[in-house]
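As given, the protein sequences belong to chains B and Y, one line each in that order. Just so we're aligned: the first sequence equals residues 0 to 237 in numbering that gives the first Met the number 0. Just so we're aligned: the second sequence equals residues 0 to 349 in numbering that gives the first Met the number 0. Don't be surprised by glycine CBs; every beta carbon is placed ideally from N, CA and C.
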Amino acid sequence: MQSVRFLDAGEQALVVEFGDGIDPALNAMVHAFDAALQEAAIPGLQETLPTYRSVLVHFDPATIDRVALRARLRELAGLAASGRFHPARRWLVPVAYGGAAGMDLDDVARALELSTAEVVRLHAGAEYVVYMLGFSPGFPYLGGLPQRLHLTRRAEPRLRTPARSVIIGGQQAAILPGEMPSGWHVLGRTPVHSFDLRRAEPFLFRPGDLLRFEPVSEAELARLEARTDWLPPVERLA
Amino acid sequence: MSALVVVAAGPGSSLQDAGRLGWLRHGVSRAGAFDRRYQAAANILAGNDPGLACVEMTLAGDSYRLDAESALVAFAGRFRLRIDGEDAAPFRAHLLHRGQTLSVGPAEGEVRGYLAVAGGFDLFPVLGSLSTHVRTGIGPLGGRLLRAGERLPMHLARPPARPPLALDPALVVRPPAALRVTLGPQDGHFTPEGIATLFGARFRVTADADRMGYRLSGPPIAHALGYNIVSDGIPPGAIQVPGDGQPILLGPDRQTTGGYPKIGCIIGPDLGLLAQAAPGQELTFRQVGIEEATAAELAERRFIAGLAGRMRPAGAAGLDSGLLLEANLIDGVIDMNAPEWHGGSEEAGQ
């Protein structure tokens with residue numbers, strides 16, 4: 000295992016880096032460390048931002064001395080790197096694949112030399128980890144896309160990709176929380192709002208959550224989209 | 000309901016408090032006032048806590064009509080100010096009466112100014128904050144910039160019985176200086192020459208400069224390990240350098256994560272200097288260690304906390320002796336004979 004690195008990020012933040020790359024084992028260390036930090040409730044620690052391979056730690060230098068904080072973080076990082084991360088939740092996310100909801104499905108199948116049914120079977124057959132949330136509020140970067148579906152991004156990004164599009168790009172998968180520009184391929188659409196300010200809990204997914212996709216018909220998509228209070232099923236994991 | 004009514008809004012005016020903490024992990028930017036010192040000055044002049052929500056204005060200002068019995072407003076920033084067409088001084092509080100118009104702008108020599116009202120604005124926080132992040136539409140007023148016709152409701156129907164206070168602008172205005180920078184987190188992605196370029200060269204602020212980031216132009220900063228990293232969190236004040244070697248200084252509306260290497264971070268107290276840098280202006284950088292940066296940040300916080308003790312009554316018009324006495328008791332040392340400051344950049348500590 001690579002050693003943990005502590006990188007300066009100004010006088011009010013530092014980066015705890017577990018390695019370099021996009022990798023499930025590396026990301027699991029990030030979530031284990033982040034969970035340990037939440038648990039430890041270190042005075043002066045303001046908030047943490049877990050990403051693919053590192054955690055950005057924001058702290059108040061008036062409350063905690065940087066050297067003391069680093070020593071405490073080193074201790075927790077050691078435990079996290081040697082332990083295992085246990086995801087807390089697994090979401091089941093319905094997707095209507097292809098057609099108007101997934102306008103790139105045919106192109107993706109053609110480019111990968113697969114049938115559209117095989118693309119759907121592979122995409123919906125995998126289990127994904129929320130590697131991190133970033134780019135825009137509630138945007139989940141998902142790890143776990145089967146290798147057979149890895150495909151470079153579109154030559155021309157779309158300026159307006161519809162909200163709740165289920166997308167893939169390179170080795171990654173994601174769900175668009177709102178309409179936004181994207182160069183990723185649209186396989187389908189989900190009724191799941193990963194970000195909704197009107198909800199008591201505006202953000203559905205947390206870093207480290209697990210997620211599976213379930214194919215549904217366009218009629219089922221429309222039925223669920225009409226229900227404003229609908230939330231996808233979630234399994235609490237031990 | 001008591002409100003300030005926006006008669007005309009500048010193109011970069013938004014509500015900002017101390018920022019939205021705790022949501023970075025969900026992809027939500029902190030936002031918040033770009034110039035913490037001026038925001039604190041406006042709030043303290045209005046009798047508020049330093050981080051309360053203000054209107055942040057950029058280059059052009061706004062005008063307002065008061066729809067309330069009266070209100071105490073305060074402005075911090077080098078902008079022209081008028082009340083019912085009469086020149087009024089910034090860096091002080093003003094008592095407004097129903098129907099009066101406050102016009103702010105344009106900026107004179109700096110970029111950002113802050114308008115506070117005594118008691119604060121009565122708006123619903125979004126994710127715990129009254130800061131506006133326009134790109135994602137998160138914040139009060141639908142997460143938008145201010146618009147003409149909008150009402151900004153205020154908590155107080157009339158201001159507290161205290162005389163308007165003023166602050167010597169020379170105390171708070173910062174003369175342009177090299178921005179202090181600590182190296183990291185990805186300084187290792189740059190050649191020694193690249194790092195020397197950052198600290199040795201002069202850079203110009205381009206027209207592409209807003210609350211999200213300032214793009215600079217200057218000699219390219221050389222990468223050693225390419226210009227793509229696995230996306231990670233972007234710390235406050237980060238200087239990211241994309242493939243063209245031209246640095247981007249990231250502001251309060253920066254995205255939470257990004258894939259360009261970050262050579263260093265502007266220290267907390269110098270973000271206010273950046274906030275006041277206009278397109279076309281030259282910027283230089285000076286390297287400091289983390290210990291020096293920490294000491295400077297803590298000193299800036301002490302300075303802001305001490306501002307309340309450095310206010311003085313803002314002229315005698317309409318004040319009775321009882322209020323002045325009260326002000327003396329509350330605010331400690333006050334020089335009753337201090338000349339009133341009437342604005343103008345030449346006196347502002349350049």
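In the structure shown, Y/Val287 adopts coil according to DSSP, grouped into three states.
Within the stretch 79 to 166 of chain B, the complete alpha helix (DSSP H) runs of at least 4 residues fall at 104 to 111 and 115 to 124.
For B/Asp7, the nearest beta carbon of chain Y is closer than 7 Å to its own beta carbon. Taking a C-beta distance under 7 Å as the contact criterion, Y/Ala115 and Y/Asn227 do not qualify as a contact pair. Using a Cβ-Cβ distance cut-off of 8 Å, the stretch 95 to 108 of chain Y and the stretch 16 to 29 of chain Y are not in contact, since fewer than three pairs of beta carbons, one from each stretch, lie closer than that value.
Contact between B/Arg235 and B/Arg88 is confirmed by a C-beta separation of about 6 Å, below the 8 Å threshold. Per the C-alpha coordinates, the member of B/Val56, B/Val92 and B/Leu91 positioned closest to B/Leu75 is B/Val56. For Y/Arg64, the uninterrupted beta strand (DSSP E) run begins and ends at Ser62 to Asp66, by DSSP.
For B/Ile174, the three-state secondary structure derived from DSSP is strand. In the DSSP assignment, Y/Ala92 forms a beta bridge with Y/Ala73. Under the three-state reduction of DSSP output, Y/Met310 falls in the coil class, being neither helix nor strand. Here Y/Cys264 has Thr181, Pro234, Gly236 and Ala237 as same chain residues with Cβ atoms under 6 Å from its own Cβ, once five neighbours each way along the sequence are excluded. Checking the DSSP bridge columns, you'll see Y/Gly263 partnered with Y/Leu182 and Y/Ile238. In the pairwise beta carbon analysis, the stretch 32 to 47 of chain Y is classified as touching the stretch 103 to 117 of chain Y: at least three pairs are separated by under 8 Å. In this structure, the CA atom of B/Val118 is about 39 Å from the CA atom of Y/Gly141.
In this structure Y/Met0 is exposed. Its beta-carbon is surrounded by fewer than 16 other beta-carbon atoms within 10 angstroms. The Cβ of Y/Glu296 sits closer than 7 Å to at least one Cβ of chain B.
For B/Thr62, the three-state secondary structure derived from DSSP is coil. Residue range Arg35 to Leu44 is occupied by the alpha helix (DSSP H) that includes Y/Ile43, with no beta strand (DSSP E) assigned at that position.
A direct Cα-to-Cα measurement between B/Trp183 and Y/Leu224 gives close to 26 Å. At a cut-off of 7 Å between beta-carbon atoms, Y/Asp207 makes no contact with chain B. Looking at the backbone, the Cα of Y/Leu270 and that of Y/Phe33 are separated by about 7 Å.
The DSSP-derived three-state label of Y/Phe198 is helix.
Contact check for Y/Gly288 against B/Asp7 fails: the beta carbons are separated by 7 Å or more. Beta-bridge pairing by DSSP links Y/Tyr226 to no other residue. Shown here, Y/Met153 sits in a strand according to DSSP, grouped into three states. The shortest C-alpha to C-alpha distance from B/Arg205 to any of B/Ala162, B/Leu121 and B/Thr50 is the one to B/Thr50. Residues of chain B with a Cβ closer than 8 Å to the Cβ of Y/Ala223 do not exist, since the nearest Cβ in that chain sits about 15 Å away. Using a CB distance below 8 Å, the part of the stretch 165 to 187 of chain Y facing chain B consists of Thr181, Leu182, Gly183, Pro184 and Gln185, ordered along the chain. Under the three-state reduction of DSSP output, Y/Arg214 falls in the strand class. Using a Cβ-Cβ cut-off of 9 Å, Y/Asp121 is close to nothing in chain B; its nearest Cβ partner there is about 19 Å away. According to the DSSP secondary-structure assignment, Y/Gly112 is paired through a beta bridge with Y/Met56.
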